[in-house]
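Engineer: Next up is a structure, given as structure tokens.
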Amino acid sequence: MLDVNGIDLHYGAAQALRGISLKAERGKVTCVLGRNGVGKTSLLRAIVGQHPVSNGNISLDGADITHLPTVARARGGVAFVPQGREIFPLLTVEENLETGFAPLPRDQRTVPDDVFSLFPVLNNMLKRRGGDLSGGQQQQLAIGRALVMRPKLLLLDEPTEGIQPSIIKDIGRAITYLRGLGEMAIVLVEQYLDFARELGDHFAVMERGSIVYTCDRSSMDEGALKRALAI
Amino acid sequence: MGAFPLTRLLDKASAIFLVLLAIFAIAIPTLNLLVPVSSGLHVSTYLVALFGKYICFAMLALSIDLIWGYAGILSLGHGAFFALGGYAMGMYLMRQIGSRGVYANPILPDFMVFLNWPELPLYWYGFNHFAYAALMIVLVPGLLAFVFGWFAFRSRVTGVYLSIITQAMTYALMLGFFRNNFGFGGNNGLTDFKDILGFSVQADGTRNALLVTSCIALALSFLICRGIVTSKFGKVLVAIRDAEARTRFLGYRVEAYKLFVFTLSACMAGVAGALYVPQVGIINPSEFAPGNSIEAVIWVAVGGRGTLTGAVLGAFVVNYAKTFFTTGWLSPYWLFVLGGLFIAVTLLLPRGIIGTFELRRTDKRNLSLSAEAPRAAE
Amino acid sequence: MEPKTTSALLYLDGITVSFDGFKALNDLSFLIEPHEMRAIIGPNGAGKTTMMDVITGKTRPDAGDVYFQQGAYDLSKLDETEIAELGIGRKFQKPTVFDIHTVEDNLLLALKNDRRVRATLLWENTSAQMRRIDDILDTIRLAPLRSRVAGSLSHGQKQWLEIGMLLAQEPKLLLVDEPVAGMTDAETMQTAALLKEINRDKTVIVVEHDMAFVRELGVKVTCLHEGSVLAEGTIDQVSTNDRVVEVYLGR
Amino acid sequence: MLSFNGRMVALVVAIALLLISKTLANAGPFEDALVGLTTDSFSDTADAIEALTATGDPRTGPLLEALKDQQLLFSTEAKKVFIKDPTGRIVDAANGQAVATLPADIENVRLNNRVRGLLDAALGSLSLMAKEASQRLDAAQAVFKSRDAAALPNIDKALEKETDTRVRKALTEARAAIVLYSPDTNAGDKIAAISVIRDRGDQDALGLIDGLPPDLPPDVRKAAAAASGKIQSTLAIWNAVQNAWYGLSLGSVLLLAAIGLAITFGVMGVINMAHGEMVMLGAYTTFVVQEYIRAHNPALFDYSLFIAVPLAFAVAGLVGIAVERGIIRFLYGRPLETLLATWGLSLILQQVVRTIFGPTNKEVGNPSWMSGAFDLGGITITYNRLWIICFTLAVFVALLAMLRLTRLGLEMRAVTQNRAMAAAMGIRTARIDALTFGLGSGIAGIAGVALSQIDNVSPNLGQGYIIDSFMVVVFGGVGNLWGTLVGAFTLGIANKFLEPYAGAVLGKIAILVFIILFIQKRPRGMFALKGRAVEA
């Protein structure tokens, strides 16, 4: 599904990613772990196309998307749940969801039911402004909004950051459900190890812009993983 | 400004420019006065006046470049300062007419007699003395700029907001000066000048003298600008232009710097206007028209914002083109050319003629500049 | 404790800052002794940047005291410029050198001097100041690049120039925010060395995520979490502290 | 003296007539009065006229009309009066029968000015009894103006019969006017009259009262002074209302010109100096449409605007899109450059139009439903202003609806609020930018259609509006349509209230200065929004 191959990324002269390679498969959750400032978000920005890569290539379903603009990637099935949610503050919840219609043909422009079954709270505040929602609700809205796009690839950037435990559970459940559907590949960027550990099929730990440790759910060595993460 | 070591003031480009200007200032009068009309080398008095006009425009361009090119302040109202200087000079020239006016009133200018004003309004007093007029030429634009800038910069009005209110300012002034009861001759403005400092403004000698004076004024303001931009002050200005917040954080009082340079630039524009009036023989409210101010900005853009020689060059090139187009059958196309110029320069030549030229010459390391161009604009 | 009698150069006590409900700093207190170097770590949203903002006067604390120089100055009453003049210099995360000025001019602008219009207009370079600039250039290892345009420097070099500009203001206290983000390993180690050198005669606070770098510094570490101090001590003490490990591995 | 003679004569004649009348068949006051017209003496004619009017006989009206038109003949011999009707037929004034053989001594009844005056008054008071209420009203108002004492008895008579309240009011006012000015009415009546006039409270009433002769009893003069003051204050109020109306009208024009700008500048953060020219294009589209209609199907002229609006929207809109694609998109994030480039564009557009249509003003006609005016209380309202206000509000509402309810509107708002995220959602931001700019320009085009109805259509049309529109947007708060609405009407009304004191130009200057200061106090305007727009 997603195949990131040895990419570098620079902000001006500063290098944020160094030869990162990453794979994500349909129906699987790939967790990218690491402390803040190690380049996790930069990796997602590179995949979404919000920042150009200076080396390497990215392909989706075998098609090279390295140089496609963000819009084209989104229309190609890449859905992004950014860090800090980035809800459209002045749009209602409903309108926020509807922004996800953009890539869809007219006849498919409906909000899938499972969005509301996963996050019933959204159903009750359709007319509320996105900006008036609590952090947790916004996070759910952001995920729901991404699902409206019927993505092939779902990118989640620290969905648990600053969110109360109950909602973290809902989000975890949602991710498990989506994984179960087997329709999309999921890339989950996290600092919260326990959360990631429950959901992940593959794990990659980043440090100073490179991947320093990878493992599968089966072959996971807790200690090694923690050591790779610890400070 | 004499305090500055010449080496810093005169880099190669500015030295060349000053020499050319000097040659110009000597050649034109010679060719006009000494070469017989019959000779092909003779320069007509019309041309002398025309060149004089260009020189004044070059000064205006210089004043705009100083604030736009180096401090990132885009004023769309600099024509106002130019015109105010012009009016101050015009008032002096009006008073010089004395009883030679149509109504032969020794004190009142014709238009006041015509509007049967009882006596001279207070703000006309003193303009019969050149010294006083000269003072006003610098003071009035300077004061307006100071008050205006003091409000604007202190409340951190920047970018397009500043541009728009400067345009509103000159627009308001235009409306005002169009009114007869403002006492500046309404829409006819001030004209029919007789003589300046005792010399007839029509005389060839005077015209050449005015041209030379303008050249000297241009040279001086050029040196002043050089002095400023090469001083530490100039470095601070550029710093403000490129990273205002950062500069403020370094402990510089940004608004003070902007205010100073804005006021100075206004005074310079005022002098330019003052020299312009006797050479064209009229000053009227249309000089305040927002269009004029923006046109002056494009001179700078064409020549190369942030390069003093560029500003001067731009003023000459564009105005020569204007003369070329507006005299003769091409005239209907001039506005297309001018309009096209605005678009072409901003899209294709953001650094202007000189700027692009310099970029070519300087080595790769400066290439990062072009990336700064947009930021410089804000 | 009566602030006037503190021996600390920088004294923060019970600082609280909240942005619409969310507490960025929550009763934060710590001391920096003169000539100390302190490393500050902490996960996202721990309040590191807000703390810097409070010290430099960019943000006003809702509650608490910020005193500078043995309690001589109450920073919460001064504005950015005044605080800068007091001798607190800050280096931002993103290097913000003046790209089109040369390395030398960047330092010249930063040099501690009369900042008023008249002064800069009539400014003449004196040998003393030139020497000062040379010294800094040596310290930040940019002497050979003095006449290069700053925009053309590498990321690491920009960061050093930034630090140099900080030094030029002759601050008593340097706040250095993520100096090594985006640097190569070599640059990172050089930066550590540079900071240690600076620390010989200046007080330094470094905020950094890069643990290799913090280790290299080998100074007292303060770990912030949710706006207050979670742990303090040597890097080893802190990194083995269970709660620190926990906040870094998750909630 | 003269009048005394007249009376004497009249008396004599009257007696004489009485005697004669015996000889006449079906004699009555009308017939008796008629005789007075047969003596060929002005005084007799005068008396006869008064007598006739007094009879209130239906035949009086036509008779006096004929007299007025010099169609009245008489024969002293026959003591008869004849009317020559429009067909040239001659009828007996008494019985209305055509006469075959005219007496030999037949002559026109002659008039002099005194008689004419009487005649008019008489006719006036006659029509006080006319069938049509409107006629009676006119008559009453005529009397109010003439203040002819002679009409007083008829007024009173009319008042007794009158049922229509408006006419009654007019009559009482007319009566008051007469009473007020006739020398032989007592102070009490005069004061009563004054109060009536005061209640009328318009310019005429004021003139009437201020025109009073000075030699009046003090209490009357006091009453008059009081009334005069009262009337002036009511007039002042209406004056204010009128100004407010003009303000609304100006405000709507400003709003119309500014809405488009509010979108391009406010929502997109793009400074479009050529915005005024988009308005100008709209106006010229209207001109072309009207020319075409005049040439091909004049009957449609009243619908020309309905045809012009969509066309103007399309023309300006397409130009706008072209501009965005061709110029502006290369300048995003460089507002000052955008400003210069679009200024250049405005020069070109003006010159294009100048080359095609010439530099002179083009005459754009008002459809019938847009011309004319009506009175509302003390103010006059012209239809074109009224329609423009309605139209403006309609456009504003339509725009809001479009932004709220359509897919395009949703995507526009999304892009405005968070461009990067919108792109990540698959919204084609570049396309949205082009369309948004097209929309803004299109609305400017529509504005042009409206402005063509009240302003000269010339290549410089746009220039007049650009600065004002910017002021409105900046004042109202960038990126906020409601702010633009409030801003436009505030400035419009403020402007109109300043004009009477400062004069049009100084008023404008005052407004500009005010805004310049205002921007410096609140650089983001009254209702500033956060977001990308603010960074413009």
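Residue numbers (the numbering used here), protein chains in the order written: chain A, 3 to 233; chain B, 457 to 834; chain C, 70 to 320; chain D, 5 to 540. Glycine residues also receive a C-beta, built at the ideal position from the N, C-alpha and C atoms.
1. State buried or exposed for B/LYS468, treating a residue as buried only when at least 16 other CB atoms are found within 10 Å of its CB.
2. On a CA-only basis, which of D/ASP152, D/ALA82, D/GLY496, D/VAL509 is nearest D/THR43? Give me that one, please.
3. Following the continuous beta strand (DSSP E) through B/ASN664, name the residue where it begins and the one where it ends.
4. Counting C-beta neighbours from all protein chains within 10 Å, is the total for D/ASP214 16 or more, i.e. buried, or is it exposed?
5. DSSP state of B/ASN561, grouped into three classes?
6. Is there a Cβ of chain A sitting closer than 9 Å to that of D/THR440, yes or no?
7. Using the beta-carbon of each residue, which ones in chain A are nearer than 7 Å to C/LEU155?
8. In chain D, what lies closer than 7 Å to B/THR802 by C-beta?
9. How many Å lie between B/ILE754 and D/ILE385 at the Cα?
10. Under 9 Å, Cβ to Cβ, is there at least one residue of chain B near C/TRP229?
11. List the endpoints of the continuous alpha helix (DSSP H) containing A/THR178.
12. Note down the Cα distance separating D/LEU455 from D/ALA287, rounded to an integer number of angstroms.
13. Compare the C-beta of C/ALA197 against all C-beta atoms of chain B and say whether one is closer than 9 Å.
14. Measuring alpha carbon to alpha carbon, tell me which residue in A/ARG131, A/ASN7, A/VAL214 is nearest A/GLY2.
15. Mind checking which residues open and close the alpha helix (DSSP H) that includes D/GLY444?
16. With 8 Å as the limit, tell me which residues of the region 625–639 of chain B have their beta carbon closer than that to any beta carbon of chain D; keep them in chain order.
17. If you measure from the beta carbon of C/THR272 to each beta carbon in chain A, is any gap under 9 Å?
18. Under 7 Å, CB to CB, which of the residues in the region 150–181 of chain C have a partner in chain B?
19. I need the DSSP call for A/ILE67, collapsed to helix, strand or coil.
20. Give the straight-line distance between the Cα atoms of D/ARG170 and D/ALA162, rounded to the nearest whole angstrom.
21. Take D/LYS26 and list the residues in its own chain whose beta-carbon comes closer than 8 Å to its own, dropping the five residues that flank it on each side.
22. When DSSP labels each residue in this structure, what does B/ASP698 get in the three-state scheme?
23. With 16 as the cutoff for other CB atoms within 10 Å, does B/VAL493 come out buried or exposed?
24. Taking all protein chains shown into account, decide if D/MET406 is buried (16 or more other Cβ within 10 angstroms of its Cβ) or exposed.
25. Express the C-alpha separation of B/ALA478 and C/VAL276 in angstroms, rounding to a whole number.
26. What whole-angstrom Cβ distance do A/THR94 and A/ASP203 have, given they're in contact under 8 Å?
27. Please state whether DSSP places B/LYS820 in a helix, a strand or coil.
28. Under three-state DSSP, which class holds A/HIS204?
29. Taking any Cβ of chain A, which residues in the region 265–295 of chain C have a Cβ under 7 Å from it, in chain order?
30. Would you please verify whether the beta carbon of D/THR488 is less than 9 Å from any beta carbon of chain A?
31. Does A/ARG130 have its Cβ less than 9 Å from a Cβ in chain D?
32. What is the DSSP secondary structure of B/TYR581, reduced to helix, strand or coil?
33. I'd like to know if D/GLU328 contacts chain A, where contact means its C-beta is closer than 9 Å to some C-beta of that chain.
34. Shortest alpha-carbon distance to B/GLU575 belongs to which of B/PRO562, B/PHE586, B/ALA587, B/HIS585?
35. Return the CA-CA distance between A/LEU158 and A/VAL83, expressed in angstroms with no decimal places.
36. Measure the alpha-carbon distance for D/MET277 versus B/PHE538 and round it to whole angstroms.
Structural biologist: The answer reads as follows:
1. Walking along the second sequence from the start, residue 468 of chain B turns up at place 12. That one is exposed.
2. The sequence position of residue 43 of chain D within the fourth sequence is 39, counting from 1. Residue D/ALA82 holds the alpha-carbon nearest to the alpha-carbon of D/THR43 among D/ASP152, D/ALA82, D/GLY496, D/VAL509.
3. Walking along the second sequence from the start, residue 664 of chain B turns up at place 208. Per DSSP, B/ASN664 belongs to no beta strand (DSSP E); it is in the alpha helix (DSSP H), 660–686.
4. Here residue 214 of chain D is taken as the residue at index 210 of the fourth sequence, counted from 1. With fewer than 16 Cβ atoms within 10 Å of its Cβ, D/ASP214 is classed as exposed.
5. In the second sequence, the residue the question calls residue 561 of chain B occupies position 105. Here B/ASN561 sits in coil by DSSP.
6. As a first step, residue 440 of chain D must be located in the fourth sequence, where it is residue number 436. For D/THR440, the answer is no, since every Cβ of chain A falls outside 9 Å of its Cβ.
7. Locating residue 155 of chain C in the third sequence gives position 86, where the first residue counts as 1. Listed by position along chain A, the residues whose Cβ is nearer than 7 Å to that of C/LEU155 form an empty set, because the closest Cβ is around 30 Å away.
8. Position 346 of the second sequence, counted from the start, is the residue given in the question as residue 802 of chain B. Residues of chain D passing the Cβ test: LEU335, GLU341, LEU344, ALA345.
9. Within the second sequence, numbered from 1, the residue matching residue 754 of chain B stands at position 298. Within the fourth sequence, numbered from 1, the residue matching residue 385 of chain D stands at position 381. A straight line joining the alpha-carbon of B/ILE754 with that of D/ILE385 spans about 46 Å.
10. Numbered from its first residue, the third sequence carries residue 229 of chain C at position 160. False, the Cβ-Cβ gap to chain B never drops below 9 Å.
11. By 1-based counting over the first sequence, the position of residue 178 of chain A is 176. 167–183 is the extent of the alpha helix (DSSP H) around A/THR178.
12. Residue mapping note: residue 455 of chain D aligns to position 451 of the fourth sequence, counting from 1. Residue mapping note: residue 287 of chain D aligns to position 283 of the fourth sequence, counting from 1. C-alpha separation (whole angstroms): 7 Å.
13. Numbered from 1 along the third sequence, position 128 holds the residue referred to as residue 197 of chain C. So, not an interface residue.
14. The shown model of chain A, from 3 to 233, leaves out residue 2 of chain A, and the question about it has no answer.
15. In the fourth sequence, counting from the first residue as 1, residue 444 of chain D sits at position 440. Its alpha helix (DSSP H) spans residues 433–455.
16. MET625, TYR627, ALA628, LEU631, GLY632, PHE634, ARG635
17. Position 203 of the third sequence, counted from the start, is the residue given in the question as residue 272 of chain C. Closer than 9 Å: no.
18. THR150, ALA153, GLU154, THR165, PHE167, ASP168, ILE169, HIS170, ASP174, LEU177, LEU178, ALA179
19. Counting from one through the first sequence, the residue named residue 67 of chain A turns up at place 65. In the three-state scheme derived from DSSP, where H, G and I count as helix and E and B as strand, A/ILE67 is classed as coil.
20. In the fourth sequence, residue 170 of chain D corresponds to position 166, counting from 1. In the fourth sequence, residue 162 of chain D corresponds to position 158, counting from 1. If I take the Cα positions, the gap works out to 13 Å.
21. Taking the first residue of the fourth sequence as 1, we reach residue 26 of chain D at position 22. Confidence at D/LYS26 is low in this model, with a pLDDT of 49, below 50, so its placement is unreliable and the value that follows should be read with caution. There are no such residues.
22. For the purposes of this step, residue 698 of chain B is taken as the residue at position 242 of the second sequence. Looking at B/ASP698 - three-state DSSP - the assignment turns out to be helix.
23. Locating residue 493 of chain B in the second sequence gives position 37, counting from the first residue. Exposed, because fewer than 16 other Cβ atoms sit within 10 Å of the Cβ of B/VAL493.
24. Here residue 406 of chain D is taken as the residue at index 402 of the fourth sequence, counted from 1. D/MET406 should be labelled exposed.
25. Within the third sequence, numbered from 1, the residue matching residue 276 of chain C stands at position 207. Within the second sequence, numbered from 1, the residue matching residue 478 of chain B stands at position 22. Going from the Cα of C/VAL276 to the Cα of B/ALA478 covers about 59 Å.
26. Taking the first residue of the first sequence as 1, we reach residue 94 of chain A at position 92. Taking the first residue of the first sequence as 1, we reach residue 203 of chain A at position 201. So it is not a contact: roughly 36 Å between Cβ atoms.
27. As a first step, residue 820 of chain B is located in the second sequence; it is residue number 364 there, counting from the start. Below a pLDDT of 50, predicted positions are generally treated as unreliable, and B/LYS820, at 45, falls in that range; the measurement from the model is reported next regardless. Correct three-state label for B/LYS820: helix.
28. For the purposes of this step, residue 204 of chain A is taken as the residue at position 202 of the first sequence. Here A/HIS204 sits in strand by DSSP.
29. Sequence-ordered contacts of the region 265–295 of chain C with chain A read HIS278, ASP279, MET280 [C-beta pairs closer than 7 Å].
30. The residue given as residue 488 of chain D occupies position 484 in the fourth sequence. Not an interface residue.
31. Within the first sequence, the letter at position 128 stands for residue 130 of chain A. So no, A/ARG130 is outside the interface.
32. Along the second sequence, one-based indexing puts residue 581 of chain B at 125. Here B/TYR581 sits in coil by DSSP.
33. Position 324 of the fourth sequence, counting from 1, holds the residue named residue 328 of chain D. Chain A, which has no Cβ nearer than 9 Å to the Cβ of D/GLU328, makes this no.
34. Stepping through the second sequence from its first residue, residue 575 of chain B is reached at position 119. Cα-wise, what sits closest to B/GLU575 is B/PRO562.
35. Sequence index remark: in the first sequence, residue 158 of chain A carries index 156 (1-based). Sequence index remark: in the first sequence, residue 83 of chain A carries index 81 (1-based). The straight-line gap from Cα to Cα measures roughly 5 Å.
36. Working through the fourth sequence from its first residue, we reach residue 277 of chain D at position 273. Working through the second sequence from its first residue, we reach residue 538 of chain B at position 82. About 23 Å.
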